[in-house]
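For reference, the structure discussed in these notes is given below.
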Amino acid sequence: MIIANRLADGVVVFLDPGEKWDPSIDSGQLIDGDTEAERLLAVAKRHEAECRVVDPTLIEVEIQNGQPRPTAMREAIRAFGPTVRTDLTEV
Amino acid sequence: MYRYDEFDARFVNERVAQFRRQVKRRLAGELTEDQFRPLRLMNGLYLQLHAYMLRVNVPYGTLSSKQMRKFAHIARTYDRNFGHFTTRQNIQYNWIKLEETPDILQHLADVEVTAIQSSGNCVRNITADQYAGRAKDELADPRVYCEVLRQYSFLHPEFSYLPRKFKIAVTGSPNDRAAVAVHDIGLRMHKNQQGEIGFEVLVGGGLGRTPYIGQTIRKWLAPEHLLSYVEAILRVYNMLGRRDNIHKARIKIIVNQMGIDKYRELVDKEWEATKDGALKVPEEEIRRINAYFAPPQYERLGDATDLLQRQRAADRAFDRWARGNVVEHKVPGYAIVNVSLKAPGKAPGDITADKMDAVADLADRYSFGEIRVSHRQNLVLVDVKQADLHALWRELTALELATPNLGLLSDIICCPGLDFCSLANARSIPIAQDISQAFTDLDELQKIGQFTINISGCMNACGHHHVGHIGILGVDKRGEEFFQLTLGGSSDQHASLGDRLGPGLPQADVPAAIRKIVDTYLVIRQHNERFLDTYRRVGIEPFKGAVYGSETQAA
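Written as structure tokens, this is what we have:
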């Protein structure tokens, strides 16, 4: 999946199947294979040049209980909020 | 406290307007992120894990109640109802929007607060002792010199693009509560043989990946030469500091590479040319700025020790708090009160918007409307009448701001860590929470005595783990969090860097390891010496054995 921060408000967003950016990881496009990853990363970089997002990166996710979850803790924290203030995942 | 004059106010407002234009250009695509990044960093705005993070200066740790209320307003209106006080006496907000930042900065400017140079490769917030101007052991208030340096360094065109960040700390007391020995420049007040106040200048201290204790570049510097001498140090650093490698770019690297004598030689050469020039700080300028730090109108009070003794005898909990969190004031009848942000299970340094308002209110009613921020991530009310201590304590207790653990084991210093920071390798706050919850017995904490634990989530050491009596460093080993312990660090006038205890421990094992270290200390300590002194006396082996076991130990 491709993750980034939205430029204007810094919110963590995921590239969705419509090549739009969604704050929910559940809406993110799951990417299979290097070719697709390369193509979508190029799309994301274009969006960065268009000043919609900052620093798009490809991250690994796995499906747990039907929900996508980043495998790296750092990205999981970005997706779901800090582990220490679970009340802060909601705005 | 310092009040903006017309120049300051105009300067800061123009800076906000300038940044507003820069943000507009960025959002419109006229500036790339690479072009914009140094500009936003110089206004204290980072892009972090969750959103933008804004770091706001609290110059030399001094705040008015009005400014604290503004901090609460920002937390409520633009963030998620809390803020985090840092190890450099600043405040951080974690869910800031870029497009709202100019408005936030304007709000702050309205109460004479800025985020200018709280980040970036420039001179950062200049920090001081949190008891400045009030401590009995002080030679003079260091904050006037911090303010002189602040005015000098703000948007200084020559030093806006240093090789790396530059941190200065000043102590007015021989008991160094400002950690000057681990700053790029540390200033220690001393009297010369004529009894005049001046500064011992230390240079090249720092933590991070390659920690160093600062070395004395000059034994005594007259205050009138403060700016010209600091400028000479900065200029030599600016010219010779490395720009090829971000990890080798601080002044500590070149000072230690060429040696302090050589660095001094270069600085003195530079200084010869400038010391009697335009940067000489006139006596009347120091007096003018000093006037802003004039103490409040104290009442003529007797020492209220008798009353306090009676109150303490009658109330065990109050007694504990008075013993731990209250410090002697230089004016009879007054006291310095530490407001603990370290309740068990809380994230060190965090405080909600409501509690910020409550502290502002308490400051107005009990302490002439002034609040201090300690680099140990607590707040301080520095002018409380001894006769008011009991009433204040009751109010603080209701707010959960009266944990009587100042300087004790659960008064932990902790960086935000991987929960918030994109630089981190591991989470630090859960470790702090686990440890503070494992040591809640107040009698035990008092028995253990003076004990500092510092936790950093990565090698950048924002939690100052190198100078904790116990330091804890979070590392990432193949995707798992491990925690390396160091022992024997100290940030005071006898500063030392901690020694590595052994291989990293998994998160679950850390509180037990602390327990083993404490138990070992309690067995071998002599004459109630501090843990640090026991460690310095016996070395690391007993503690290593306790935590990791040894072949000679029975199972």
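Residue numbers (this note's numbering), protein chains in the order written: chain E, 1 to 91; chain G, 1001 to 1555.
No residue lacks a Cβ here, since even glycine has one placed at the ideal position from N, Cα and C.
Min CB distance residue i to chain E below 8 Å
i: R1020 (chain G); result: no
i: A1222 (chain G); result: no
i: E1328 (chain G); result: no
i: F1420 (chain G); result: yes
i: A1051 (chain G); result: yes
i: G1044 (chain G); result: no
i: G1083 (chain G); result: no
i: L1039 (chain G); result: no
i: A1179 (chain G); result: no
i: G1504 (chain G); result: no
i: R1098 (chain G); result: For the sequence presented, residue 1098 (chain G) should be read as Leu rather than Arg. Judged by the 8 Å Cβ criterion, L1098 (chain G) is in contact with chain E.
Distance between residue j and residue i (C-alpha atoms, nearest Å)
i: G1205 (chain G); j: R1164 (chain G); result: 14 Å
i: E1224 (chain G); j: V1180 (chain G); result: 20 Å
i: G1474 (chain G); j: F1420 (chain G); result: 14 Å
i: L1207 (chain G); j: T1101 (chain G); result: 30 Å
i: V1359 (chain G); j: T1032 (chain G); result: 41 Å
i: L1234 (chain G); j: C1122 (chain G); result: 10 Å
i: D16 (chain E); j: N1043 (chain G); result: 33 Å
i: I1096 (chain G); j: R1055 (chain G); result: 10 Å
i: I1514 (chain G); j: D1268 (chain G); result: 47 Å
i: R1040 (chain G); j: I1091 (chain G); result: 17 Å
i: T89 (chain E); j: A1512 (chain G); result: Residue placement at T89 (chain E) is flagged as unreliable, the pLDDT there being 48, under the threshold of 50; the coordinate-derived value follows with that caveat. About 31 Å.
i: L1409 (chain G); j: Q1446 (chain G); result: 9 Å
i: Q1590 (chain G); j: T1127 (chain G); result: Absent from the model: residue 1590 (chain G). The displayed extent of chain G is 1001 to 1555, so no value can be given.
i: L1341 (chain G); j: R39 (chain E); result: 49 Å
Below-8 Å beta-carbon distance, residue i vs any chain G residue
i: T83 (chain E); result: yes
i: N5 (chain E); result: yes
i: D9 (chain E); result: yes
i: E62 (chain E); result: no
i: R69 (chain E); result: no
i: R117 (chain E); result: Residue 117 (chain E) lies beyond the range of chain E shown here (1 to 91); nothing can be said about it.
i: E38 (chain E); result: no
i: I77 (chain E); result: yes
i: E50 (chain E); result: yes
Paired residues, beta bridge with residue i - DSSP
i: P961 (chain G); result: It is not possible to answer for residue 961 (chain G), since the shown part of chain G is limited to 1001 through 1555.
i: E1481 (chain G); result: G:D1476
i: H1329 (chain G); result: G:A1135
i: W1393 (chain G); result: Partner(s): none; W1393 (chain G) has no beta bridge.
i: C1414 (chain G); result: G:I1455
i: S1118 (chain G); result: Answer is none; S1118 (chain G) lacks a bridge partner.
i: Y1237 (chain G); result: Y1237 (chain G) is not bridged to any residue.
i: L1221 (chain G); result: G:F1199
i: H1084 (chain G); result: G:Q1092, G:D1350
i: V1056 (chain G); result: G:I1091
For residue i, three-class secondary structure by DSSP
i: P1296 (chain G); result: coil
i: Q1151 (chain G); result: helix
i: T1274 (chain G); result: helix
i: S1064 (chain G); result: strand
i: Q1215 (chain G); result: strand
i: R52 (chain E); result: coil
i: M1189 (chain G); result: strand
i: Q1022 (chain G); result: helix
i: F14 (chain E); result: strand
i: H1146 (chain G); result: The question names His, yet the displayed sequence has Cys at residue 1146 (chain G). Helix.
i: T1552 (chain G); result: Unreliable positioning characterises T1552 (chain G) in this predicted model, as indicated by a pLDDT of 43, which lies under 50. The coordinate reading is nonetheless provided below. Reduced to three states, the DSSP call for T1552 (chain G) is coil.
i: I1351 (chain G); result: strand
i: L1406 (chain G); result: coil
i: V84 (chain E); result: coil
i: E62 (chain E); result: strand
i: L1379 (chain G); result: strand
i: S1491 (chain G); result: coil
i: N1528 (chain G); result: coil
i: Q1130 (chain G); result: coil
i: P68 (chain E); result: strand
i: E90 (chain E); result: Residue confidence is low: E90 (chain E) scores 43 on pLDDT, short of 50, so the model does not pin down where it sits. Its coordinate-derived value is still stated next. Coil at E90 (chain E), not helix or strand.
i: N1460 (chain G); result: coil
**Asked** If you pair each beta-carbon of the region 1077-1096 of chain G with each one of the region 1346-1358 of chain G, do three or more pairs fall below 8 Å?
**Response** The region 1077-1096 of chain G, when compared against the region 1346-1358 of chain G, does touch it at the 8 Å Cβ threshold.
**Prompt:** Is the region 1536-1544 of chain G in contact with the region 1492-1501 of chain G, if contact means three or more CB pairs nearer than 8 Å?
**Reply:** The region 1536-1544 of chain G makes contact with the region 1492-1501 of chain G; the number of CB pairs closer than 8 Å reaches 3 or more.
**Request:** Take every Cβ of the region 1020-1039 of chain G, pair it with every Cβ of the region 1057-1068 of chain G, and state whether three or more of those distances are shorter than 8 Å.
**Result:** Judged by pairs of C-beta atoms under 8 Å, the region 1020-1039 of chain G does not touch the region 1057-1068 of chain G, as fewer than three such pairs exist.
**Request:** Inspect the CB distances between the region 1109-1120 of chain G and the region 1251-1269 of chain G and report whether three or more fall short of 8 Å.
**Result:** These segments do not touch.
**Asked** Any chance the region 1529-1539 of chain G sits against the region 1439-1456 of chain G, with 3 or more Cβ pairs inside 8 Å?
**Response** Touching, yes, given that three or more Cβ pairs across the two stretches are closer than 8 Å.
**Prompt:** Is there contact between the region 1365-1374 of chain G and the region 1409-1419 of chain G, where contact requires at least three CB pairs shorter than 8 Å?
**Reply:** Taking one beta carbon from each stretch, the region 1365-1374 of chain G and the region 1409-1419 of chain G have fewer than 3 pairs nearer than 8 Å; the two do not touch.
**Asked** How do the region 1463-1479 of chain G and the region 1403-1414 of chain G stand: do at least 3 beta-carbon pairs fall below 8 Å, yes or no?
**Response** In short, these stretches touch, since the Cβ pair count reaches three.
**Asked** Between the region 1193-1201 of chain G and the region 1154-1162 of chain G, do three or more beta carbon pairs fall short of 8 Å?
**Response** By the C-beta criterion, the region 1193-1201 of chain G is judged not to be in contact with the region 1154-1162 of chain G, since fewer than 3 inter-stretch pairs fall below 8 Å.
**Request:** Could you tell me whether the region 44-64 of chain E touches the region 1400-1407 of chain G, using the rule of 3 or more Cβ pairs below 8 Å?
**Result:** In short, these stretches do not touch, since the Cβ pair count stays below three.
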